[in-house]
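**Q** The numbering used here puts the first sequence at residues 41 to 624.
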Amino acid sequence: MKTRTYGWVQNPSSFSNLKKIVQIFDINSPHYQDLKLNLLKNIYFTNIKAELQKKFDKNVKVFSYVELVGTSKNKLGKSPKNRQDAVANSIIQVSITPQQAKKTGKTWTDNWTSDGFLRWAVSLNFIKVDIKKDIFSITENGLSFSQSTSGSSEETGILQIALLAYPPATQILSLLDSANQYCTKYYLGANLGFRGEKGFTSYNEDIMFDWLNSADNKEKKKIKSDVEGTSDKYARGICNWLKNVGFVKTGAAKKIFSDGKEEKFQGYKITGKGLSALRRSQGSSKNKQIEKFVMWEFFATDGQNRDYVRARRAFIVKFLTKPIILKQLIKKLGEKGFHDSQEIIESDIQGLKYFGLRIEQKNDKLFLLDKINNFHIPDLNFTRELKNDQIEKRKEKFLKITSLPMKYIELLEIAYDGKRNRDFEIVTIELFKEIYKINAKLLGGSRKPDGLIFDQNFGVIIDTKAYSNGYTKNIAQADEMIRYIEDNRRKCKTRNPNCWWENFPADIPKNNYYFLWISSKFINNFNEQLIYTANQTETKGAALNVEQLLLGAAAIMKGNIAISNLINYFDNKEILFADSPISS
DNA sequence: TCGGATGACGCTGATATACT
DNA sequence: AAGTATATCAGCGTCATCCG
Numbered sequence: 041m042k043t044r045t046y047g048w049v050q051n052p053s054s055f056s057n058l059k060k061i062v063q064i065f066d067i068n069s070p071h072y073q074d075l076k077l078n079l080l081k082n083i084y085f086t087n088i089k090a091e092l093q094k095k096f097d098k099n100v101k102v103f104s105y106v107e108l109v110g111t112s113k114n115k116l117g118k119s120p121k122n123r124q125d126a127v128a129n130s131i132i133q134v135s136i137t138p139q140q141a142k143k144t145g146k147t148w149t150d151n152w153t154s155d156g157f158l159r160w161a162v163s164l165n166f167i168k169v170d171i172k173k174d175i176f177s178i179t180e181n182g183l184s185f186s187q188s189t190s191g192s193s194e195e196t197g198i199l200q201i202a203l204l205a206y207p208p209a210t211q212i213l214s215l216l217d218s219a220n221q222y223c224t225k226y227y228l229g230a231n232l233g234f235r236g237e238k239g240f241t242s243y244n245e246d247i248m249f250d251w252l253n254s255a256d257n258k259e260k261k262k263i264k265s266d267v268e269g270t271s272d273k274y275a276r277g278i279c280n281w282l283k284n285v286g287f288v289k290t291g292a293a294k295k296i297f298s299d300g301k302e303e304k305f306q307g308y309k310i311t312g313k314g315l316s317a318l319r320r321s322q323g324s325s326k327n328k329q330i331e332k333f334v335m336w337e338f339f340a341t342d343g344q345n346r347d348y349v350r351a352r353r354a355f356i357v358k359f360l361t362k363p364i365i366l367k368q369l370i371k372k373l374g375e376k377g378f379h380d381s382q383e384i385i386e387s388d389i390q391g392l393k394y395f396g397l398r399i400e401q402k403n404d405k406l407f408l409l410d411k412i413n414n415f416h417i418p419d420l421n422f423t424r425e426l427k428n429d430q431i432e433k434r435k436e437k438f439l440k441i442t443s444l445p446m447k448y449i450e451l452l453e454i455a456y457d458g459k460r461n462r463d464f465e466i467v468t469i470e471l472f473k474e475i476y477k478i479n480a481k482l483l484g485g486s487r488k489p490d491g492l493i494f495d496q497n498f499g500v501i502i503d504t505k506a507y508s509n510g511y512t513k514n515i516a517q518a519d520e521m522i523r524y525i526e527d528n529r530r531k532c533k534t535r536n537p538n539c540w541w542e543n544f545p546a547d548i549p550k551n552n553y554y555f556l557w558i559s560s561k562f563i564n565n566f567n568e569q570l571i572y573t574a575n576q577t578e579t580k581g582a583a584l585n586v587e588q589l590l591l592g593a594a595a596i597m598k599g600n601i602a603i604s605n606l607i608n609y610f611d612n613k614e615i616l617f618a619d620s621p622i623s624s
């Protein structure tokens with residue numbers, strides 16, 4: 041049986057497009073007719089087109105995932121080298137007008153956006169799925185939405201209720217409620233869903249503001265439109281949906297710096313209407329509440345242990361429907377075959393809170409304040425093969441011995457994921473700032489190092505790289521570092537007009553600068569890169585692997601290492617703060 | 001900026017090749 | 001010759017940023 045992902049939606053934003061997707065399953069709707077008479081013709085492959093045309097002519101209203109979402113195929117029916125070469129092969133693809141339609145004349149969208157629209161419709165309980173057969177049909181709510189007049193208050197009302205039943209939306213509203221000011225997507229994304237783990241990247245707000253502050257105008261524009269994590273994007277999307285039903289408004293989220301300069305990101309704030317709807321939906325008595333709609337697929341999006349993790353969280357929610365003490369919860373999970381440590385379960389509970397379920401702990405007892413639909417957990421045998429997964433074990437161990445917040449423990453995974461280079465950079469800088477308690481700045485951009493850390497006596501130039509197989513010697517990288525060290529020594533505007541070194545305080549003694557590479561692990565002859573760089577520049581540097589990065593943070597937090605002594609660890613080799621707890 | 005768009009990548013399952 | 005193990009490879013699903 042195929043398991044798919046619902047609950048987290050990337051691209052879709054327009055409710056009128058959503059309505060079309062729901063109307064695919066309503067034979068009396070205008071969009072159904074439009075597909076039947078016009079739009080299906082835009083499907084490129086004649087056999088698929090004919091099959092679907094036949095179904096629409098027969099007023100079929102149940103479709104499979106492939107019929108709806110399709111795949112990415114070029115005219116030859118092969119996976120295209122560029123996604124732009126993909127032609128239409130599904131119902132949703134030809135239902136959505138692409139962004140550049142006017143310019144290009146293209147009449148279909150891609151399979152990823154199509155997947156997003158289907159997810160959205162399922163997540164709002166307008167469309168339901170039979171996961172055994174992988175087929176989709178309309179729900180009662182979906183039918184009311186389909187039949188409501190566009191732009192009517194009835195339509196808005198249906199959407200409002202659907203959003204209030206969707207936990208991530210009430211999580212956003214709750215966050216906006218307690219903040220009571222314009223919030224950035226970064227702040228919201230950091231407190232949404234299973235943030236930090238695979239599928240839930242979020243960038244630290246402070247670091248983003250700092251970055252904006254040290255960027256020129258061209259870079260600023262780029263940062264504002266380009267730089268956001270997956271969770272931040274989810275937050276932005278949800279805010280826009282909420283805005284469209286009148287629960288949220290937009291305005292500038294500002295930060296004022298010590299020099300009086302001010303930086304802005306797009307901000308979101310709850311409206312009076314949003315506030316009263318939130319209060320109403322949470323009701324004082326459970327039977328007046330709006331029941332939350334969840335599916336087990338909401339509880340994780342990706343990753344190799346996905347279904348195991350989803351099931352574990354789903355059972356936690358099931359067990360929480362009656363007040364329960366933590367020890368008892370852990371025991372019951374054990375009986376189901378989930379033998380995870382208390383730390384993991386606690387971090388799941390935290391994740392479920394950020395997901396949007398209100399879970400309270402009084403003394404030892406856990407209370408779930410929300411009413412939840414009776415969702416189904418499929419009977420897969422997740423529990424056997426998936427658990428002894430190395431990386432989970434490693435995370436669990438580090439969580440235990442370092443007592444660091446889960447979002448930093450995730451670095452153990454991020455460091456090995458080349459796709460998440462930016463995430464690795466930002467979370468690392470955040471770790472320095474929050475746990476090492478040292479000044480840390482993200483720079484990024486061309487001809488700048490990734491980041492800096494410093495206090496009044498010393499400064500370190502940092503380069504971070506997420507590599508799945510480890511960092512091996514790379515002379516180009518060494519030369520880049522050498523250039524930065526020279527930049528900083530000469531502080532010459534004509535040499536490098538962006539003057540990134542001005543982010544260091546001016547009074548650091550000239551001979552107290554260091555360089556540092558941070559990565560998953562360092563392999564082969566990496567050490568030669570350190571020696572080479574040190575010799576060329578007559579400075580000292582080091583390499584720090586992600587395990588040591590965390591162990592160092594733990595040592596600092598426990599007071600075993602003073603941050604002022606940090607530079608004593610720089611000796612042109614890999615830094616060893618403490619022995620790794622992993623026997624390899 | 002908003003509302004998607006794009007290239008990448010791990011996984012899965014099918015086919016090819018090697019080994020017994 | 002047939003059966004089994006391993007290598008190769010393409011397609012699918014899902015990001016994680018990126019962009020017109």
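Just so it is clear, CB atoms sit at the ideal spot from N, CA and C, and this is done for glycine as well. Please read these numbers as outputs of a predicted model, since none were measured by experiment.
In the DSSP assignment, what residue or residues form a beta bridge with Thr504?
**A** Ile558
**Q** Take Val49 and list the residues in its own chain whose beta-carbon comes closer than 8 Å to its own, dropping the five residues that flank it on each side.
**A** Gly156, Arg159, Trp160, Ser163, Tyr274 and Gly277
**Q** Which residue's Cα is closest to the Cα of Glu587: Ile431, Ser298, Gln569 and Asn514?
**A** Just measuring C-alpha positions, the residue of Ile431, Ser298, Gln569 and Asn514 sitting nearest Glu587 is Ile431.
**Q** Express the C-alpha separation of Gln211 and Lys225 in angstroms, rounding to a whole number.
**A** 13 Å
**Q** What are the boundary residues of the alpha helix (DSSP H) that Lys118 is part of?
**A** Per DSSP, Lys118 belongs to no alpha helix (DSSP H) and is neither H nor E.
**Q** Rounded to whole angstroms, what's the CA-CA distance from Gly145 to Glu337? Just pull it up for me.
**A** 36 Å
**Q** Let's test the definition: count the other Cβ atoms within 10 Å of the Cβ of Cys532 and tell me whether it reaches 16, buried, or not, exposed.
**A** exposed
**Q** What residue from Ala351, Leu570, Tyr394 and Ala480 has the CA that sits closest to His379's CA?
**A** Closest by alpha carbon: Ala351.
**Q** Note down, in chain order, each residue of its chain lying with its Cβ closer than 8 Å to the Cβ of Tyr554, except the 5 sequence neighbours on either side.
**A** Phe498, Gly499, Val500, Ile501, Thr579, Lys580, Gly581, Ala582, Ile607 and Phe610
**Q** In whole angstroms, give me the CA-to-CA distance for Lys440 and Tyr448.
**A** 13 Å
**Q** May I have the straight-line CA-CA distance separating Tyr105 from Lys168, to the nearest angstrom?
**A** 12 Å
**Q** Taking only three categories from DSSP, how would you classify Ala255?
**A** Note: Ala255 maps to coil in three-state DSSP.
**Q** Could you check which residue in Ile622, Lys143, Val100 and Lys505 has the C-alpha nearest to that of Arg434?
**A** Among Ile622, Lys143, Val100 and Lys505, the Cα nearest to that of Arg434 belongs to Ile622.
**Q** Between which residues of its own chain and Glu107 is the CB-CB distance below 7 Å, once the five residues before and five after are set aside?
**A** Leu92, Ser130 and Ile131
**Q** Alpha carbon to alpha carbon, how far is Gly117 from Phe415?
**A** 38 Å
**Q** Can you find the residues in the same chain that come closer than 7 Å, C-beta to C-beta, to Arg535, ignoring five residues on each side of it along the sequence?
**A** Asp527
**Q** In chain order, what residues of the same chain lie with their CB nearer than 6 Å to the CB of Val285, ignoring the 5 residues before and after it?
**A** Thr196, Leu199 and Gln200
**Q** Starting from Glu268, trace the alpha helix (DSSP H) both ways and give me its first and last residue.
**A** No alpha helix (DSSP H) contains Glu268, which DSSP labels as neither H nor E.
**Q** Under DSSP, the alpha helix (DSSP H) around Ala602 begins and ends at which residues?
**A** Looking at the DSSP string, Ala602 is not in any alpha helix (DSSP H), and its letter there is neither H nor E.
**Q** Which residues in the same chain as Lys260 place their Cβ atom closer than 7 Å to its Cβ, once the five residues preceding and following it in sequence are excluded?
**A** Leu252
**Q** Using the Cα positions of Lys481 and Ala518, report the straight-line distance between them to the nearest angstrom.
**A** Taking the straight line joining both Cα atoms gives about 21 Å.
**Q** With DSSP as the reference, please indicate the residues paired to Val102 in a beta bridge.
**A** Under DSSP, Val102 forms no beta bridge with any residue.
**Q** Pull up the DSSP beta-bridge partners for Phe494, would you.
**A** Asn479 and Gly499
**Q** If I'm right that Leu369 touches Ile356 with Cβ under 8 Å, what's the distance once you round it to whole angstroms?
**A** Contact between Leu369 and Ile356 holds, since their C-beta atoms are separated by about 7 Å, short of 8 Å.
**Q** Name the residue from Ser381, Arg353 and Leu408 whose alpha carbon lies nearest to the alpha carbon of Asp388.
**A** Answer by Cα proximity: Arg353.
**Q** Of the choices Ile412, Ser381 and Arg346, whose alpha-carbon is the least far from that of Pro14?
**A** Examination of residue 14 is not possible in this model, given that the chain is present from 41 through 624 alone.
**Q** Helix, strand or coil for Ile548? Go by DSSP, reduced to three states.
**A** coil
**Q** Under three-state DSSP, which class holds Val127?
**A** strand
**Q** Measure from the alpha carbon of Thr573 to the alpha carbon of each residue in Phe85, Met521 and Gln221, then state which is nearest.
**A** Met521
**Q** Here's the rule: buried if 16 or more other CB atoms are within 10 angstroms of the residue's CB, otherwise exposed. What is Phe407?
**A** exposed
**Q** Nearest-angstrom Cα distance between His71 and Ser184?
**A** 15 Å
**Q** Is the stretch 386 to 404 touching the stretch 305 to 318 in the sense that three or more CB pairs, one from each, lie closer than 8 Å?
**A** no
**Q** When burial is assigned at 16 or more other CB atoms within 10 Å of the CB, is Asp503 buried or exposed?
**A** buried
**Q** Answer yes or no: do Ser381 and Ala455 have a C-beta to C-beta separation smaller than 7 Å?
**A** Contact: no.
**Q** What is the C-beta distance between Ile558 and Leu584, in whole angstroms, given that I count them as a contact (C-beta under 8 Å)?
**A** Between Ile558 and Leu584, the beta carbon gap of about 5 Å places them in contact (Cβ cut-off 8 Å).
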